[in-house]
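Residue numbers (UniProt numbering): 1 to 155.
Contents: one structure, followed by commentary.
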């Protein structure tokens with residue numbers, strides 16, 4: 001089974017199980033209030049962390065550096081915010097992991113370790129054929145001379 005299908009089946013089932021168990025212990029209204037409280041706290045944390053990440057990205061751009069780490073942290077914040085808006089304690093826990101700076105940095109470093117990053121200008125590598133622009137890797141140098149007197153219609 002694909003991993004996303006497994007996640008879409010087992011995470012909601014885990015959420016339902018936890019909501020029922022916690023609701024039996026503290027009551028239904030307290031469980032709903034706790035879900036709303038975690039969503040509100042998560043939204044406040046998301047706003048604060050998002051503004052800090054944006055400020056760091058701006059500082060890097062002002063220094064002439066690419067804000068690569070901040071962009072990846074922004075993706076983690078986006079995922080964390082979406083998870084916090086999803087009702088339930090499992091998704092709230094995963095969302096908080098994405099929002100808290102030490103765990104978010106660890107997640108980004110883990111993602112970077114698994115990705116292959118290439119640096120350099122955009123476009124094909126040097127010497128590659130780019131047919132959309134009509135460039136060819138083989139260049140023939142030479143000289144030419146236009147002679148209008150060879151054409152009879154231009155006399």
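C-beta atoms are modelled at their ideal positions from N, C-alpha and C, and glycine is treated no differently.
>> Suppose the cutoff is 6 Å on Cβ atoms and the five residues either side in sequence are ignored; what does the same chain contact list for residue 50 look like?
In response: Within the same chain, residue 50 has close Cβ partners 77.
If I measure Cβ to Cβ from residue 23 and keep anything under 7 Å in the same chain, skipping five residues before and after, which residues do I get?
Taken in chain order, the residues that qualify are 31.
Use the C-beta contact count for residue 115: other C-beta atoms within 10 angstroms, 16 or more gives buried, fewer gives exposed.
Exposed, since its Cβ has fewer than 16 Cβ neighbours within 10 Å.
Of all the options 29, 43, 67, which has the alpha carbon lying nearest to the alpha carbon of residue 100?
-> Nearest C-alpha to residue 100: 43.
Apart from the five residues just before and just after residue 103, which ones in its own chain have a Cβ nearer than 7 Å to its Cβ? Taken in chain order, the residues that qualify are 97.
| said: If I follow the unbroken alpha helix (DSSP H) through residue 33, where does it start and stop? | reply: Membership of residue 33 in the alpha helix (DSSP H) is indicated by the continuous run 28-62.
| said: For a minimum of 4 consecutive residues, which ranges assigned as the alpha helix (DSSP H) are wholly contained in the stretch 88-114? | reply: Counting whole runs of 4 or more residues, the stretch 88-114 contains the alpha helix (DSSP H) stretches 89-99, 101-114.
### Query
Quick one: what does DSSP say residue 8 is sitting in, helix, strand or coil?
If DSSP states are grouped into helix, strand and coil, residue 8 belongs with the helices.
Worksheet entry | residue 140 (DSSP reduced to helix, strand or coil) | Here residue 140 sits in coil by DSSP.
Fill in: Integer-rounded CB distance, given that residue 80 should sit under 8 Å from residue 95
Yes, they are in contact, since the Cβ atoms of residue 95 and residue 80 sit about 4 Å apart, within 8 Å.
### Message
Shorter than 7 Å, the distance from the beta carbon of residue 84 to the closest heavy atom of the ligand NAD, or not?
### Response
Ligands displayed in this structure: none; no statement on the ligand NAD is therefore possible.
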